[in-house]
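Novice:
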Amino acid sequence: MKVTFAHMGNLWITVKTILEDLGVEVVVPPRPSRRSLEVGVRHSPEFACFPLKMNIGDYIGAIERGADTIVMVGGVGPCRLGHYAQVQAEILRDLGYRAEMVILEPPRGHFSALLDKIRYLTGGKPISRVVRALRFGWEKLYALDCLDRALVRTRPLEAVPGGAAAAHRRAVAAVAGAAGVEATRRARDEGVAAVLAAGGAGAAWEDDGEAGGGLPGRNGTPLRVGIVGEIFMVAEPFANQDLERRLGEMGVEVTRALYVSDWVRINLLLDTLRLRRRSRQSVVKEAASPYLGHFVGGEGLESVGETVLYSRQGYDGVIHVAPFTCMPEIVATSLLPEVGRDLDLPVMSLFLDEHSGEAGLATRLEAFVDLLARRRARAGAGRATR
Amino acid sequence: MATGDNRVYLGIDVGSVTTKAVAVDGAGEILARACLETMGQPARQIMQVLAEVGRRLGEAVTVDGVGTTGSGRNLAAALVGGDVVKNEITAHAVAALRLVPEARTVLEIGGQDSKVILLREGVVVDFAMNTVCAAGTGSFLDRQASRLGLDIREFGRLAAGSTHPVRIAGRCTVFAETDMIHKQQVGHPVEDIVAGLCRALVRNYLNNLAKGKDLEPPYVFQGGVAANAGMVQAFEEALGAPVFVPEHHALMGAYGAAILALEEHQEKEARVGAPGSGGGSGPGGADRSPSSYSPTSRFRGFRLGEMDYRTSAFDCEGCTNQCEIVEIFLEGVLVARWGGRCDRWERAGVVPGRSDRSAAGAGRSTEDRAGSAAKAGHA
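Which chain is which? The protein sequence lines are A and B, in order.
Number 289 in the working numbering belongs to position 247 of the first sequence; there are no gaps in the numbering.
Number 356 in the working numbering belongs to position 20 of the second sequence; there are no gaps in the numbering.
1) Is the beta carbon of LEU414 of chain A less than 7 Å from the beta carbon of ARG288 of chain A?
2) What do you reckon, are the CB atoms on ARG298 of chain A and ASP358 of chain A nearer than 7 Å?
3) Count the other C-beta atoms from every protein chain shown that fall within 10 angstroms of the C-beta of VAL547 of chain B, then say buried if there are 16 or more, exposed otherwise.
4) Can a CB atom of chain A be found closer than 7 Å to the CB of ASN544 of chain B?
5) CB-CB under 8 Å to ASP651 of chain B, same chain, minus the five flanking residues each way: which ones, in chain order?
6) Would you call the region 64 to 80 of chain A in contact with the region 205 to 214 of chain A, where contact means no fewer than 3 C-beta pairs closer than 8 Å?
7) Between which residues of its own chain and GLY205 of chain A is the CB-CB distance below 7 Å, once the five residues before and five after are set aside?
8) Select from A:ILE105, A:ILE133, A:VAL389 and A:VAL223 the residue whose C-alpha is nearest the C-alpha of PRO71 of chain A.
9) Which first and last residues belong to the alpha helix (DSSP H) in which ASN466 of chain B is found?
10) Run through the DSSP bridge pairs and tell me what PHE665 of chain B is partnered with.
11) Which residues bound the beta strand (DSSP E) around TYR555 of chain B?
12) How about THR355 of chain B and VAL385 of chain B: are their beta carbons less than 7 Å apart?
13) List, in order along the chain, the chain A residues whose C-beta lies closer than 9 Å to that of VAL442 of chain B?
14) Check each residue of the region 128 to 145 of chain A: if its Cβ is closer than 9 Å to any Cβ of chain B, include it; give the result in chain order.
15) Using the beta-carbon of each residue, which ones in chain B are nearer than 8 Å to PRO388 of chain A?
16) Using the beta-carbon count (16 or more within 10 Å), is MET375 of chain B buried or exposed?
17) Does the CB of PRO71 of chain A have a neighbour CB from chain B at under 7 Å?
18) Report the rounded CA-to-CA distance for ASP487 of chain B versus LEU443 of chain B, giving the unit in angstroms.
19) With 7 Å as the threshold, decide whether the Cβ of GLY689 of chain B is near any Cβ in chain A.
20) Quick check: the Cα distance between GLU286 of chain A and VAL296 of chain A, rounded to an integer number of angstroms?
21) Is the CB-CB distance between VAL360 of chain B and ALA586 of chain B below 7 Å?
22) Report the residue ranges of all alpha helix (DSSP H) runs contained in full by the region 347 to 406 of chain B; include only those spanning at least 4 residues, in chain order.
23) Nearest chain B C-beta to PRO379 of chain A closer than 7 Å, yes or no?
24) Under three-state DSSP, which class holds GLY338 of chain A?
25) Under 7 Å between the Cβ atoms of ALA427 of chain B and VAL421 of chain B?
26) If the criterion is Cβ atoms closer than 7 Å, does the pair ALA496 of chain B and GLN569 of chain B meet it?
27) Provide the residue span of the alpha helix (DSSP H) that contains ALA413 of chain B, from first to last.
28) Can you tell me where the beta strand (DSSP E) holding SER450 of chain B begins and where it ends?
29) Report all residues from its chain with a CB closer than 6 Å to the CB of ASN564 of chain B; omit the five preceding and five following residues, and keep chain order.
30) Mapping the DSSP letters down to three states, classify MET588 of chain B as helix, strand or coil.
31) Identify the contact partners of ARG174 of chain A in chain B, using a Cβ-Cβ distance below 9 Å as the criterion.
32) So what's THR441 of chain B in DSSP terms, helix, strand or just coil?
33) Helix, strand or coil: how does DSSP classify ILE517 of chain B here?
34) Should the region 515 to 529 of chain B be regarded as contacting the region 448 to 462 of chain B, the criterion being three or more beta carbon pairs within less than 8 Å?
35) Any C-beta of chain A within less than 7 Å: which residues of the region 640 to 662 of chain B qualify?
36) Hey, GLY362 of chain B and ARG343 of chain B are a contact pair by Cβ (cut 8 Å); roughly how many whole angstroms apart?
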């Protein structure tokens with residue numbers, strides 16, 4: 043069995059680590075590129091959303107490299123991702139590719155169904171072995187998120203852009219290659235230090251646990267922009283046209299609403315085990331409640347709630363990213379102008395897919411950053427020194 | 337010259353359909369302007385409008401700042417030596433506010449896109465930009481005018497004179513055209529059809545582009561399409577308020593870019609503390625280009641129009657993205673390179689600029705680097 047899975051940012055490193063630790067042979071698809079996108083678009087329905095097209099491109103690339111089993115996550119609620127695994131399996135079958143699809147549904151309070159699938163993939167390894175592998179994978183996931191956070195904080199401080207990104211690339215490779223928990227931690231700490239060093243003495247960093255924490259002692263006060271939206275579009279730089287890099291190089295500190303390691307720690311561990319008084323989900327839900335009182339699938343509710351939370355944390359603006367035709371995010375898009383008005387927070391929605399021109403995106407981002415900069419300049423020194 | 341000063345600031349707006357340039361004095365008054373159709377050859381047209389502005393300015397001027405905007409802003413900055421490279425939204429907002437400080441809404445319709453910009457107390461608070469749909473752009477009006485055998489200027493005048501505009505589907509240009517042909521075949525007079533078309537475009541603009549936005553007067557309508565009296569009338573009817581069209585409505589992007597260059601120069605002088613007289617006091621013979629330099633600007637001089645430029649492209653083989661990399665040469669020297677998804681080519685081998693990268697307003701942008709990578713061809 044040669045297992046593959048779709049790309050989403052650097053998540054492949056974590057998934058590969060877990061599977062390989064359990065003795066599963068893994069085929070990582072080529073990084074998303076114009077070529078894989080072209081293949082995906084050619085074989086996908088025009089009005090399917092961007093993640094499906096990208097996934098198809100990844101799967102075909104991996105099958106060509108010898109993969110025979112595809113692991114995919116299921117979805118919940120009125121988001122089409124919920125049946126994408128089946129649609130993708132059909133598409134691949136129609137094209138004559140032979141690959142088995144193993145669907146991992148998100149655990150809803152109980153892990154047994156998920157563990158059954160994992161047992162199948164690993165050839166019946168004992169649970170303790172699986173837990174050890176997950177522990178190792180977690181360490182990599184956490185390390186990668188630390189590196190990403192260090193990068194988005196360092197970028198706006200760089201005199202000449204590029205150094206932090208290069209240090210980040212090297213650190214990611216080191217984390218990917220680390221052979222154990224200790225080695226991963228070492229690679230993480232060295233990597234974070236290297237990325238921060240690229241930003242000069244002004245960059246300082248602490249693990250504040252949740253996204254959006256303040257950064258004391260840093261040089262200057264870059265504009266702070268929060269990113270909300272559909273998780274794939276937020277996490278995959280190829281899909282969002284390097285949104286974080288573009289903003290960072292314009293001198294903006296970017297925060298993703300939720301990093302995957304946060305999600306695992308908060309949703310899967312702390313909240314499931316009831317270690318926190320209030321779950322992250324309930325905080326987001328409550329923040330969204332004046333505008334949206336119920337789940338609408340995907341991250342629609344989160345996009346609204348997290349925008350409200352960014353406002354409370356004093357962010358300068360919010361960028362909302364979603365794939366074209368995404369239903370949950372269309373709901374969010376229709377609510378966000380009102381949220382922005384009420385909270386006096388600039389919010390810009392970007393719907394992207396394979397047709398999105400680079401020039402239009404660049405112009406919009408620049409104009410948005412100009413808008414934020416002028417607003418802040420007007421708001422005066424009082425707020426700028428926060 | 338309005339101020340008796342010989343320091344000027346240039347603004348260049350390289351749009352999809354037209355390339356525009358203006359020169360303003362230290363008070364922001366327009367001294368010279370030029371406009372040409374881009375005709376798919378922006379590099380050549382940038383040189384041409386620049387040469388034209390140079391001719392109209394006469395010889396004894398010092399260019400203290402150059403701002404570029406429009407979809408070809410990077411190209412213009414690389415060729416001309418740009419100090420400020422700004423997106424069209426900011427440039428249009430700055431221009432509108434200069435003329436109508438109390439403006440709250442800017443309606444802008446250009447050749448191949450349209451924008452709405454909301455201003456409150458002189459600051460952009462929201463905007464939207466349409467780049468994916470042709471319905472409601474100048475190109476569509478142009479096409480329909482020529483289909484009806486009308487001059488585009490006549491089109492606006494005719495539309496404004498209509499007493500009974502027909503209702504035309506405006507959501508999509510193809511359907512609008514189909515509907516228009518139908519109305520024409522059943523015998524509606526041409527002025528009612530063109531007036532109906534204007535209304536359809538305005539409806540499309542307000543329902544799609546400006547959806548969910550609080551449009552408030554005073555309105556400023558700019559861009560090439562603002563010349564169309566029928567469109568102005570349709571906007572005024574739909575909005576229920578007068579719509580102000582600036583005299584140089586088609587040049588507002590370039591004007592905004594020039595104002596941004598002026599503001600940036602003033603900020604720079606304020607920072608340095610010196611009045612910067614060094615650049616302004618030595619005009620000499622402007623045909624010897626270095627004299628038209630200012631120590632604060634990267635401007636290469638008006639002689640640029642005579643210089644040899646060349647652009648070329650190749651596919652990068654570095655990864656499967658196969659980015660199309662474009663190179664700009666001036667007198668055989670590589671002055672800019674872009675088009676990649678990574679920074680592999682952006683700086684490599686590009687001759688560094690003659691001034692540092694300290695220029696260009698709030699925040700850094702990749703364009704600033706393109707600008708700083710530009711080299712003075714005759715340094």
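By construction, the Cβ of each residue, glycine as well, lies at the ideal position given by its N, Cα and C atoms.
These numbers come from a predicted model, not from an experiment.
Specialist: In this structure, then:
1) no
2) no
3) What sits at residue 547 of chain B in the sequence shown is Lys, not Val. Result: exposed.
4) no
5) GLN658, CYS659, GLU660 and ILE661
6) no
7) ALA240
8) A:ILE105
9) Per DSSP, ASN466 of chain B belongs to no alpha helix (DSSP H); it is in the beta strand (DSSP E), 459 to 466.
10) B:ARG646 and B:LEU670
11) 555 to 558
12) yes
13) Within chain A, no residue comes near VAL442 of chain B; the closest Cβ sits about 12 Å away, beyond 9 Å.
14) none
15) VAL461 and ASP462
16) exposed
17) no
18) 23 Å
19) With a pLDDT of 44 at GLY689 of chain B, under the threshold of 50, the modelled position of this residue cannot be trusted; read the value that follows with caution. Judged by the 7 Å Cβ criterion, GLY689 of chain B is not in contact with chain A.
20) 6 Å
21) no
22) 378 to 393
23) yes
24) Looking at the sequence provided, one finds Val at residue 338 of chain A rather than Gly. Coil.
25) no
26) yes
27) 409 to 416
28) 450 to 456
29) GLY492
30) helix
31) By Cβ distance, chain B contributes nothing, its closest Cβ being about 35 Å from ARG174 of chain A, past 9 Å.
32) strand
33) helix
34) no
35) CYS655, THR656, ASN657 and GLN658
36) 6 Å
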